[in-house]
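Residue numbers (UniProt numbering): 1 to 148.
The beta carbon of each residue, even a glycine, is placed where N, CA and C say it ideally should be.
For clarity, every value in this text was computed on a predicted model and none was experimentally measured.
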């Protein structure tokens, strides 16, 4: 049984001042987890998805995601950025928390299931508060409990 969210898939000090820098750094971490085989291709697929419509959920949170040939197995990553990033979010507010979903191109509807589980939790103020303020261990167990 693969672990969808791995320990090294969390970074609470993500560097970057633009959407592109953030997505590039997310792709780099995705590669470091071993779930992505090609950083550049995954980055391009994240950007393509972002161009279709914003993944800025609102309330300071975005859920960048992509189905990609670069993804070897389903994964979820979590980041908090040092800066507030302009993300064209639904509420117009900048973003500083990112939940990244990565799914292989042949992953069927897996990303939609994950997206749906996480999206439903975004209206829970306690869930959002943990994402915005807690440490890695608490975030890891919280997201794992939502997606399992």
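The DSSP-derived three-state label of residue 117 is helix. In this structure, residue 70 sits near residue 42, with a CB-CB distance shorter than 8 Å.
Each of 96, 6, 29 was checked against the Cα of residue 19, and the nearest Cα belongs to 96.
The stretch 41 to 56 and the stretch 4 to 17 do not touch, with fewer than three beta-carbon pairs separated by less than 8 Å. The stretch 106 to 116 and the stretch 23 to 43 do not touch, with fewer than 3 CB-CB distances between them shorter than 8 Å.
Annotation for residue 104: no alpha helix (DSSP H) segment contains it, though the beta strand (DSSP E) segment containing it runs 95 to 104. The DSSP-derived three-state label of residue 32 is helix. For the pair residue 74 and residue 4, the CB atoms are nearer than the 8 Å cut-off. If you look at residue 146, you'll find it isn't in any beta strand (DSSP E); it sits in the alpha helix (DSSP H) that goes 136 to 147. When DSSP states are grouped into helix, strand and coil, residue 8 belongs to the helix group. The C-alpha of residue 130 lies about 10 Å from the C-alpha of residue 143.
Excluding residues up to 5 positions away in sequence, 121 lie with their Cβ nearer than 6 Å to the Cβ of residue 127 in the same chain. A Cβ-Cβ separation of about 16 Å leaves residue 114 out of contact with residue 139 under the 8 Å criterion. Only buried fits residue 35, as 16 or more other CB atoms lie within 10 angstroms of its CB.
Exclusion of the five residues before and after residue 94 leaves 60, 84, 85, 86, 87 as the residues of its chain whose Cβ lies within less than 8 Å of its Cβ.
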